[in-house]
Amino acid sequence: MSHAAKPLDMGAFMMKRPRFRLWRSPSTLVFAGPAAFLLLAAFVFPIALVLSISVREPTPGIDNYAQLLNSPALQTIFLRTFRIAAITTILAAAGGYIVAFTMNLATSRKQAVLLACVLIPLWSSVLIRAFAWVTLLRGNGVVNQALMSLDFISAPLPLMRNEFGTIVGMVHVMLPIATLPIFAVMRTIDPRLMLAARSLGAREARAILSVFLPLSLPGLAAAAMLVFVSVLGFYITPAVLGGGSTVMVAEYIEVQISETLRWGLGTMMATVLLASALCMFALGALLPAFRQQYRL
Amino acid sequence: MLTRAFTVSSVVLVVFLVAPLLIILPVSLTDDRVLSLPQAGLSLQHYHRLMGSQAWLGAAAQSAVIGAVSATLASVLAFLAASAVWLNPGRTAKAISCLIVLPLIIPSIITALGLFRVYVTTGLLDTWIGIMLAHTILGLPYAFVLCLAGLANLPPALFQTARSLGAPPAVALILVVMPANMVALLSGWIFAFLNSWDELIVTIFVASRTIQTLPMLMWDGLQENLDPIIAAVAVLLLVLSTSLLLLIRLLQIHNQKS
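Residue numbers (the working numbering), protein chains in the order written: chain P, 1 to 296; chain V, 1 to 258.
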């Protein structure tokens, strides 16, 4: 699509490029300056400052980081965070692929309906969605009451305040985020390729698996990276649906800062979280479909 | 076969996405005093309580003001920055883009820590300016990405023509480029507003008593008791965010026609 052949722009070869245009470079600075200054002064600088506490308090040095190696409790927090993030990523990416696939084949009216069903949850508040799941999943919530009135179970199932509830809530938040980049990539795949595969004798499943899937993989990979980066620092959903039993890194940091006032430890965890998120982001940025989400 | 399996699974997934939001409506109409589905009949009592509650209405007003101011600031800054990137693509532009989308990438708990500590020393803690500043920063990436997407559809010659006709850069940008990019700018404003309207974690850290936003009040309600009034709030908020999305869609359709 974007690789359509362009006629050679002969003018570009003939014209000499002006070496310096006075209005060009100053305009970049003047126009982008305010936003860049605001971000550097009121975002990057405060974060750098607060993270530096991790090597300054309670004693200067890397003691806080050494704790990470020695403390099984801290390691459990990180392992749990990565495990929940990985499970959420796999479920959301798989679900997103399926929804995007259907959206891609649907008639424009059905496509609009599906898109609305993806976008409305995406832009409703995470807090409201966590609340919605609480009404469904708690001990005498809607799901348990329905199951009990149908005599499927005799006692309420523990559906929240555990990892199950956390993952359900997080997949709900992440499914729309995963769907959109996959759909964007699928739209660029020429539908005639599938027809060609079918006419050459491939069964439907074969055509999808060996023609469509490989072409849509960049979208799937971008979606997975996008979800993983977002899930690592998640706070609200695990705090509400995990109910203190499945503490992830972000909630743990909050407890260190607000309750036990261990700034050194809290900022050390924050630094490790930030480093992991940025590494994942850098990895994701190798994919054009990922960069497209941020217009980079 | 596989296509049909995907279609059936998609229906299941869409129900999974939408059903939890829909279930809030009957819960908000419950005749019971605790969070539950309606038992004997429907009742508007929780909406009545909501409309009579100073705390909830005050929080909604505060959230609206914070959202409107910070979305406006974010849109203006984002439009200028996006124009710079659009006019001069290159390494500097890449660096600026990376910088501006950072708030999307950095987990909000880390932003919250950074701003909290700096606000304590600068006296911005629990002030309107402090919270609006924080929300402007958090809204910037949304407005920026949408402006860039909108500008990508415009020919850069638009700006250069205005320049060659004698308009100074700022005039060319405001009188020529901005009207042509209005839909993206408005969509960016709406997304920045919604982001501020829903923001919780950073707000919890930088606000405490003077300022109580709507999400802060919902958060307290979720932690303490599950009052069905939250369901009524949630329904109204869902109606709001859905209408704003619809508005963006209508703007886009209008734009495509003209």
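Note that the Cβ used here is the ideal one computed from N, Cα and C, for glycine as well. Note that this is a predicted model, so its numbers are computed, not measured.
- request: Below 7 Å between beta carbons is the criterion; list the residues of the stretch 197-222 of chain V that meet it against any residue of chain P, in chain order.
  value: Identification of residues in the stretch 197-222 of chain V having a C-beta nearer than 7 Å to some C-beta of chain P yields Asp198, Leu200, Ile201, Pro215, Met218, Trp219 and Leu222, given in sequence order.
query: With C-beta atoms as the reference, is Leu136 (chain P) less than 7 Å away from Pro228 (chain V)?
result: Residue numbering aside, residue 136 (chain P) sits at position 136 when the first sequence is read from its first letter. Residue numbering aside, residue 228 (chain V) sits at position 228 when the second sequence is read from its first letter. The answer is no: Cβ separation not under 7 Å.
task: Using a Cβ-Cβ cut-off of 7 Å, state whether Asn88 (chain V) counts as contacting chain P.
output: Stepping through the second sequence from its first residue, residue 88 (chain V) is reached at position 88. Answer yes: the Cβ-Cβ gap between Asn88 (chain V) and chain P drops below 7 Å somewhere.
field: Rounded C-alpha distance that separates Leu114 (chain P) from Met174 (chain P)
entry: By one-based count along the first sequence, residue 114 (chain P) stands at place 114. By one-based count along the first sequence, residue 174 (chain P) stands at place 174. If I take the Cα positions, the gap works out to 16 Å.
message: Which residues in chain P have a C-beta closer than 8 Å to the C-beta of Ala162 (chain V)? List them in chain order.
response: Your numbering for residue 162 (chain V) matches position 162 in the second sequence. By Cβ distance, chain P contributes nothing, its closest Cβ being about 12 Å from Ala162 (chain V), past 8 Å.
message: To the nearest angstrom, how far is the alpha carbon of Ile236 (chain P) from that of Ala112 (chain V)?
response: Start at 1 with the first residue of the first sequence, and residue 236 (chain P) comes out as number 236. Start at 1 with the first residue of the second sequence, and residue 112 (chain V) comes out as number 112. Taking the straight line joining both Cα atoms gives about 14 Å.
- request: Whole angstroms is fine: what's the gap from Leu148 (chain V)'s alpha carbon to Gln293 (chain P)'s?
  value: As a first step, residue 148 (chain V) is located in the second sequence; it is residue number 148 there, counting from the start. As a first step, residue 293 (chain P) is located in the first sequence; it is residue number 293 there, counting from the start. Approximately 11 Å between the Cα atoms of the pair.
field: Thr102 (chain P) versus Ala224 (chain P) - alpha carbon distance
entry: The residue given as residue 102 (chain P) occupies position 102 in the first sequence. The residue given as residue 224 (chain P) occupies position 224 in the first sequence. Roughly 19 Å separates the two Cα atoms.
Same chain, Cβ closer than 7 Å to Leu87 (chain V), neighbours up to 5 away in sequence not counted: If you number the second sequence from 1, residue 87 (chain V) lands on position 87. Pro156 and Phe159.
query: Under a Cβ-count criterion, where at least 16 other Cβ atoms within 10 Å of its own Cβ denotes burial, should Phe37 (chain P) be classed as buried or exposed?
result: Here residue 37 (chain P) refers to the residue found at position 37 when the first sequence is read from its first residue. The residue is exposed, with fewer than 16 neighbouring Cβ atoms inside 10 Å.
task: Compute the distance between the beta-carbons of Val227 (chain P) and Thr89 (chain P), then report whether it is under 7 Å.
output: Looking up residue 227 (chain P) in the first sequence gives position 227. Looking up residue 89 (chain P) in the first sequence gives position 89. One thing to note: Val227 (chain P) has its Cβ within 7 Å of the Cβ of Thr89 (chain P).
- request: Would you mind telling me which residues of chain V sit closer than 9 Å to Leu147 (chain P), beta carbon to beta carbon, in chain order?
  value: Working through the first sequence from its first residue, we reach residue 147 (chain P) at position 147. Those do not exist, as Leu147 (chain P) stays about 14 Å from chain V at its closest Cβ, beyond 9 Å.
message: Quick check: Val211 (chain P) and Ala221 (chain P), are their CB atoms within less than 7 Å of each other?
response: Reading the first sequence from its first residue, position 211 is the one you call residue 211 (chain P). Reading the first sequence from its first residue, position 221 is the one you call residue 221 (chain P). Their beta carbons are not under 7 Å apart, which means Val211 (chain P) does not touch Ala221 (chain P) by this criterion.
task: Would you kindly check if the distance between the Cβ of Val44 (chain P) and the Cβ of Thr267 (chain P) is under 7 Å?
output: Along the first sequence, one-based indexing puts residue 267 (chain P) at 267. Along the first sequence, one-based indexing puts residue 44 (chain P) at 44. Taking 7 Å as the cut-off, the beta carbon of Thr267 (chain P) is found no closer than this to the beta carbon of Val44 (chain P).
message: Would Leu113 (chain V) pass as an interface residue toward chain P - the criterion being a Cβ-Cβ separation below 7 Å?
response: Taking the first residue of the second sequence as 1, we reach residue 113 (chain V) at position 113. By this cut-off, Leu113 (chain V) is an interface position.
message: Along the chain, where does the alpha helix (DSSP H) containing Asn70 (chain P) start, and where does it finish?
response: Residue mapping note: residue 70 (chain P) aligns to position 70 of the first sequence, counting from 1. Note, Asn70 (chain P): alpha helix (DSSP H), Asp63 to Asn70.
- request: Using a Cβ-Cβ cut-off of less than 9 Å, list which residues of the stretch 101-132 of chain V approach chain P; keep chain order.
  value: Those residues of the stretch 101-132 of chain V that come within reach of chain P (Cβ to Cβ, closer than 9 Å) are Val101, Leu102, Pro103, Leu104, Ile105, Ile106, Pro107, Ser108, Ile109, Ile110, Thr111, Ala112, Leu113, Gly114, Leu115, Phe116, Arg117, Val118 and Tyr119.
query: Among V:Ala5, V:Arg33 and V:Thr7, which residue has its Cα nearest to the Cα of Ala231 (chain V)?
result: Here the question's residue 231 (chain V) lines up with position 231 in the second sequence. It is V:Arg33 whose Cα lies nearest to the Cα of Ala231 (chain V).
task: Count the C-beta pairs between the stretch 134-144 of chain V and the stretch 63-79 of chain V that are closer than 8 Å, then say yes if the count reaches three, no if not.
output: Contact holds: three or more Cβ-Cβ distances are below 8 Å.
- prompt: Between Ile24 (chain V) and Ala234 (chain V), is the Cβ-Cβ spacing less than 7 Å?
  reply: Here residue 24 (chain V) is taken as the residue at index 24 of the second sequence, counted from 1. Here residue 234 (chain V) is taken as the residue at index 234 of the second sequence, counted from 1. Yes.
Contact list for the stretch 53-85 of chain P against chain V, Cβ threshold 7 Å: none
message: Tell me the rounded alpha-carbon separation between Ser318 (chain P) and Ala178 (chain P).
response: The structure shown does not extend to residue 318 (chain P), since chain P spans only 1 to 296, so no value can be given for it.
field: Contacting residues, own chain, Cβ-Cβ under 8 Å from Val118 (chain V) (five flanking each side not counted)
entry: Within the second sequence, numbered from 1, the residue matching residue 118 (chain V) stands at position 118. Cβ within range, chain order: Leu124.
- prompt: Does the beta carbon of Ala234 (chain V) come closer than 7 Å to any beta carbon on chain P?
  reply: Counting from one through the second sequence, the residue named residue 234 (chain V) turns up at place 234. It does: the Cβ of Ala234 (chain V) has a partner Cβ on chain P nearer than 7 Å.
query: When you check each C-beta in the stretch 200-211 of chain P against every C-beta of chain V, which residues fall closer than 7 Å?
result: Glu204, Ala205 and Ile208
message: Tell me the rounded alpha-carbon separation between Gly114 (chain V) and Glu254 (chain P).
response: As a position in the second sequence, residue 114 (chain V) is number 114, starting the count at 1. As a position in the first sequence, residue 254 (chain P) is number 254, starting the count at 1. Between the C-alpha atoms of Gly114 (chain V) and Glu254 (chain P) there is a straight-line separation of about 12 Å.
query: Measuring CA to CA, which of V:Ser10, V:Leu44 and V:Gln212 is closest to Ile131 (chain V)?
result: What you label residue 131 (chain V) is simply residue 131 of the second sequence in a count that begins at 1. Among V:Ser10, V:Leu44 and V:Gln212, the Cα nearest to that of Ile131 (chain V) belongs to V:Gln212.
task: Please report the Cβ distance between Thr3 (chain V) and Leu215 (chain P), rounded to the nearest whole angstrom; I am assuming they are in contact, meaning their Cβ atoms lie under 8 Å.
output: Within the second sequence, the letter at position 3 stands for residue 3 (chain V). Within the first sequence, the letter at position 215 stands for residue 215 (chain P). No, Thr3 (chain V) and Leu215 (chain P) are not in contact; Cβ-Cβ is about 16 Å, not under 8 Å.
field: Reference Ser52 (chain P), options P:Thr166, P:Leu287, P:Met280 and P:Trp263, closest by Cα
entry: Residue 52 (chain P) sits at position 52 when you count from the first residue of the first sequence. For the residues P:Thr166, P:Leu287, P:Met280 and P:Trp263, the minimum Cα distance to Ser52 (chain P) belongs to P:Trp263.
query: Could one say the Cβ of Phe290 (chain P) lies closer than 7 Å to chain V's Cβ atoms, at least one of them?
result: Along the first sequence, one-based indexing puts residue 290 (chain P) at 290. Answer no: the Cβ-Cβ gap between Phe290 (chain P) and chain V never drops below 7 Å.
query: Looking only at C-alpha atoms, which of P:Pro288, P:Ala289 and P:Ala277 sits nearest to Pro107 (chain V)?
result: Locating residue 107 (chain V) in the second sequence gives position 107, where the first residue counts as 1. Among P:Pro288, P:Ala289 and P:Ala277, the Cα nearest to that of Pro107 (chain V) is on P:Ala277.
- prompt: In whole angstroms, what separates the C-alpha of Phe191 (chain V) from that of Ala81 (chain V)?
  reply: Position 191 of the second sequence holds residue 191 (chain V). Position 81 of the second sequence holds residue 81 (chain V). Their Cα atoms are separated by approximately 17 Å.
message: Starting from Ile47 (chain P), trace the alpha helix (DSSP H) in both directions and tell me its first and last residue.
response: The count along the first sequence starts at 1 and reaches residue 47 (chain P) at position 47. Counting along the chain, the alpha helix (DSSP H) containing Ile47 (chain P) begins and ends at Phe45 to Leu51.
field: Within-7 Å CB hit, Phe193 (chain V) to chain P
entry: Stepping through the second sequence from its first residue, residue 193 (chain V) is reached at position 193. Not an interface residue.
- request: To the nearest angstrom, report how far apart Trp197 (chain V) and Asp63 (chain P) are at their CA atoms.
  value: The sequence position of residue 197 (chain V) within the second sequence is 197, counting from 1. The sequence position of residue 63 (chain P) within the first sequence is 63, counting from 1. Straight-line Cα distance between these residues: approximately 40 Å.
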